[in-house]
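Below is one structure; the comments refer to it alone.
Residue numbers (our numbering), protein chains in the order written: chain A, 7 to 117; chain B, 2 to 578.
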């Protein structure tokens with residue numbers, strides 16, 4: 007299902023560029039910084055088997071992915087959040103892998 | 002952020018920019034939302050978590066708060082609660098930023114005081130719509146509050162006005178003779194300003210006038226009508242006018258000044274202890290009741306007249322009912338508040354309630370007044386606050402009001418050397434009572450003022466003897482019992498209205514001398530004189546016996562159709578009343 011989603015919606019990025027003007031680069035940096043933080047939180051939570059922390063990190067990451075037009079990553083976060091909520095660490099581990107892959111694909115597209 | 006459609010432009014550049022607090026722990030979302038809000042023409046302040054949001058709210062007082070639900074340190078739910086609490090009665094919309102879709106979480110937002118939701122990713126159009134909607138709601142709320150404050154202010158000033166009016170009204174309604182021993186009354190505070198009025202005053206000749214009234218309407222409008230009512234009542238009573246004359250004047254005065262729909266239901270009473278008579282006029286109030294010495298119900302005087310201020314002079318009937326009342330008998334009257342009291346079940350206390358109380362106090366009539374009050378408060382469940390109640394106990398016959406002390410300034414009375422004579426013919430006699438006018442003339446002699454009561458009593462007796470026996474040929478023998486009294490006064494009224502011929506001549510001759518002066522009153526009428534039978538009759542005879550007692554000399558001539566009375570007064574000491 008996540009395969010069918012775009013890694014990024016260019017129309018959203020265009021709208022953000024118009025909205026942020028000179029601060030567009032700042033927005034991209036902020037998102038990257040936040041994404042690194044969330045990925046670290048997700049990994050740590052999974053290692054500690056803290057499904058609640060995992061869910062919260064996925065939830066927060068999901069919000070900003072949505073706003074950035076990163077549809078595939080957003081979907082992956084949603085699945086991670088659901089796994090965290092269900093307390094299913096096996097599903098959580100799978101979802102984290104999907105998130106990491108999606109983020110690797112997304113990174114070069116953000117400009 | 003959603004990409005659908007172009008970014009909205011600030012639609013209403015005229016509208017003052019709002020200050021919007023954005024609290025989100027996610028820096029990307031915070032950045033985007035903050036910029037979206039600015040793009041809509043508003044100012045933004047940003048918080049990274051709930052605690053910071055609350056302190057920014059206190060510090061900056063934003064107009065709208067956008068709160069993320071899940072944040073570190075303090076979550077959005079707690080922040081919303083604290084913000085709503087600090088906002089007090091101001092409306093500060095709190096919109097939750099959420100991608101939460103579970104109903105439970107949304108319910109939690111509402112319970113924390115949230116007014117709406119904005120879901121991620123943000124849709125600029127929806128954000129704009131929400132901010133505009135909440136701006137309008139805020140403006141309406143502020144309008145509502147300021148109008149409420151205006152109304153509260155006006156209400157407070159209305160209450161102040163009413164309190165002032167009540168002070169004046171209380172003074173008007175409570176001057177006069179309400180402290181007389183023969184009276185007992187209750188006027189609850191609410192009743193008074195509800196248009197109930199109670200007035201009492203003495204005529205110069207000693208009779209007491211009472212007025213119990215109930216204006217339609219409430220508050221100021223009712224109180225305003227009471228002012229002229231009281232003024233006319235006091236002024237005319239003190240000048241010696243009869244109840245009938247006062248009624249005519251009150252009615253026409255109120256009819257002139259009161260707007261349509263406002264009038265005064267009233268009972269007017271004259272108590273004459275000397276003659277053992279009461280005159281009662283009831284226009285629109287509940288029955289006046291007279292109880293015997295054992296508390297038995299003797300008479301009920303039902304309203305047969307229109308209230309004051311309704312009828313034109315031609316249609317207005319000012320004739321009171323005249324009844325014998327022996328010492329110790331008591332008269333009770335009240336306003337609608339008494340019989341219209343309702344209990345919890347909505348039943349009326351009514352006439353029946355009053356009669357039950359009267360019945361229950363047979364043999365102890367002095368308990369009726371209190372009995373009525375406690376029965377009312379029992380029936381009503383709490384002390385009745387809209388009640389006016391009056392009781393008059395007929396005093397002993399020798400009860401006469403103390404003469405009003407008048408300063409003796411007789412120095413100018415040496416110039417009061419005159420004689421005047423008035424002849425009143427049928428038309429004048431039908432229409433008016435000339436005595437107050439004559440009395441004012443007499444009271445221009447300072448030396449006579451201390452005897453105003455006696456003078457007025459004598460004048461009244463002479464005039465009414467001349468009128469009733471001389472001109473109207475009424476037989477005082479009728480006045481032996483109560484039925485006869487009723488007949489007598491009915492006849493008096495009928496014959497007076499039909500009077501076509503006859504005259505009454507009043508002559509007053511005042512001569513000052515070195516010690517003081519001498520006043521000679523002569524009253525002559527066109528009638529045939531009187532027989533001596535009348536003077537034997539109890540009530541009728543009392544009139545002339547009284548004159549003989551009050552005056553220094555009394556003489557009859559022309560078979561009694563001419564009466565001469567002499568008063569002497571002396572400088573330097575107050576004559577006995």
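Think of the CB as a built atom: it goes at the ideal place given N, C-alpha and C, for glycine as much as any other residue. As the structure is a prediction and not an experimental result, all values here were calculated from the model.
Query: Less than 9 Å between CB atoms is the rule here; does residue 18 of chain A satisfy it with respect to chain B?; Result: yes
Query: Is the CB of residue 104 of chain B under 9 Å away from at least one CB in chain A?; Result: no
Query: Examine chain A for any beta-carbon lying closer than 9 Å to the beta-carbon of residue 29 of chain B, and answer yes or no.; Result: yes
Query: Looking at the secondary structure, which residues open and close the beta strand (DSSP E) in which residue 475 of chain B lies?; Result: Run containing residue 475 of chain B: none; DSSP gives neither H nor E here.
Query: With a floor of 3 residues, list each beta strand (DSSP E) that falls wholly inside the region 20-58 of chain A, ordered by position along the chain.; Result: none
Query: Out of B:124, B:161, B:225, B:233, which one is the CA nearest neighbour of residue 177 of chain B?; Result: B:233
Query: Using a cut-off of 7 Å between C-beta atoms, extract the partners of residue 122 of chain B located in chain A.; Result: 72, 73
Query: Would you say residue 50 of chain A faces chain B, with C-beta separation under 9 Å as the test?; Result: no
Query: Quick one: complete beta strand (DSSP E) runs, 3+ long, within the region 226-312 of chain B?; Result: 265-273, 278-284, 289-292, 298-302
Query: Taking C-alpha atoms, which residue in B:187, B:551, B:461 lies nearest to residue 204 of chain B?; Result: B:461
Query: Going by CA-CA distance only, name the one from B:216, B:136, B:429 that's closest to residue 387 of chain B.; Result: B:216
Query: Check whether chain B comes within 9 Å of residue 21 of chain A, counting only Cβ atoms and requiring the distance to be less than that.; Result: yes
Query: Which residues share a DSSP beta bridge with residue 571 of chain B?; Result: B:517
Query: Please report the straight-line C-alpha distance between residue 571 of chain B and residue 516 of chain B, rounded to a whole angstrom.; Result: 5 Å
Query: State the beta-bridge partners of residue 156 of chain B as determined by DSSP.; Result: Looking at the DSSP assignment, residue 156 of chain B forms no beta bridge with any residue, so it has no partner.
Query: Assign residue 326 of chain B to one of three DSSP states: helix, strand, or coil.; Result: coil
Query: Any idea what DSSP makes of residue 44 of chain B, helix, strand or coil?; Result: strand
Query: Counting only C-beta atoms, is residue 37 of chain A closer than 9 Å to chain B at any point?; Result: yes
Query: Mind checking residue 40 of chain B: buried by the 16 CB within 10 Å criterion, or exposed?; Result: buried
Query: Measure how close the beta-carbons of residue 36 of chain B and residue 25 of chain A come, nearest whole angstrom, since I'm counting them as under 8 Å.; Result: 5 Å
Query: Count the other CB atoms within 10 Å of the CB of residue 438 of chain B; is the residue buried (16 or more) or exposed (fewer)?; Result: exposed
Query: Is residue 71 of chain B helix, strand or coil when you go by DSSP?; Result: coil
Query: Can you say whether residue 33 of chain B is buried or exposed, counting buried as having 16 or more other CB atoms within 10 angstroms of its CB?; Result: buried
Query: Can you list, in chain order, the residues of its chain with a C-beta nearer than 7 Å to that of residue 434 of chain B? Leave out the 5 residues immediately preceding and following it.; Result: 242, 243, 246
Query: Determine the extent of the alpha helix (DSSP H) in which residue 378 of chain B is found, giving its start and end residues.; Result: 369-381
Query: So, is the C-beta of residue 65 of chain A closer than 9 Å to a C-beta in chain B?; Result: yes
Query: In the DSSP assignment, find the unbroken beta strand (DSSP E) run with residue 185 of chain B in it and report its ends.; Result: 184-188
Query: Give a yes or no on whether 9 Å exceeds the smallest Cβ distance from residue 82 of chain B to chain A.; Result: no
Query: On a CA-only basis, which of B:52, B:58, B:51 is nearest residue 45 of chain B? Give me that one, please.; Result: B:58
Query: Using only alpha-carbon positions, find the residue among B:201, B:164, B:171, B:189 that is nearest to residue 179 of chain B.; Result: B:201
Query: Any beta carbon of chain B sitting closer than 9 Å to that of residue 12 of chain A?; Result: no
Query: Which residues mark the beginning and the end of the beta strand (DSSP E) in which residue 21 of chain B is found?; Result: 20-24
Query: Might you give, ordered along the chain, the residues of its own chain that have their beta carbon closer than 6 Å to the beta carbon of residue 339 of chain B, omitting 5 neighbours on each side?; Result: 388
Query: Just checking: is the beta-carbon of residue 127 of chain B within a distance shorter than 9 Å of some beta-carbon in chain A?; Result: no
Query: Please tell me whether residue 57 of chain A has its Cβ less than 9 Å away from any Cβ of chain C.; Result: Among the protein chains of the structure shown, namely A and B, there is no chain C.
Query: Identify each residue in the region 40-55 of chain B for which the Cβ-Cβ distance to at least one residue of chain A is less than 7 Å, and report them in chain order.; Result: 40
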